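Student: Sequential numbering from 2 applies to the sequence shown in the working numbering.
Cβ coordinates follow ideal geometry from the N, Cα and C atoms, glycine included.
These numbers come from a predicted model, not from an experiment.
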Amino acid sequence: MPWKRIFPDVRVHGIVSDVTISLHTGCGCTGSMTFVSSRDDKGIYVVFRSEIPHLFLFGYHLHDTVMRRLDASNQANERAPLSEPEKICLLWAAEGKTTWEIGKILSVKERGGLIYLNNAAKKLGAINRQNAIAIVLREIRASITTLPDKFKF
């Protein structure tokens, strides 16, 4: 346990078992998450091992949320603003419309709708249409100052 070399007195605080997960994201960010326990038996490792997929999922979600919150204001100020057609395309895509349907709604060819969606994704730093929609919806949620309790996290 490398962190025990950094904090040799952890046992004084009741920490005797741990599992550390290394996180490497697509944007080049790295991090780690350590789960600790005061139990000193082999059973805790069996539990940790059986929950590894869930721990990774939780770790990536938490890391992504923290990084987005730290970078949200800088990213929003630095990137090019979305055009109205790009916003409209993202909203229709969020409703489940296909590129062909979006083109018909905007009275442009399917290729035109695709270009708007690709440009929006590029401006948002997204890897695809779904990621661009998620970024926009997260920003909308973050910009709402008073959320009902059922939407708070």
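1) Quick check: what's the CA-CA separation for residue 109 versus residue 83?
2) Whole-angstrom Cβ separation of residue 135 and residue 91, contact assumed at under 8 Å?
3) On the DSSP bridge assignment, give the partners of residue 22 in chain order.
4) Thinking C-alpha only, which one of 67, 40, 61, 20 is nearest residue 1?
5) Are the beta-carbon atoms of residue 39 and residue 13 separated by less than 8 Å?
6) Could you pull the start and end residues of the alpha helix (DSSP H) that residue 51 belongs to?
7) Any chance you could list the alpha helix (DSSP H) runs of at least 4 consecutive residues sitting entirely within the segment 49-126, in chain order?
8) Please name the residue in 57, 68, 98 whose C-alpha comes closest to that of residue 139.
Tutor: Concretely, from the data shown:
1) 18 Å
2) Actually they do not touch by this definition, with Cβ atoms about 10 Å apart.
3) Residue 22 pairs with 34.
4) Here the chain comprises residues numbered 2 to 154, so residue 1 is not present and cannot be evaluated.
5) no
6) 43-51
7) 53-79, 85-95, 100-107, 111-125
8) Closest by alpha carbon: 68.
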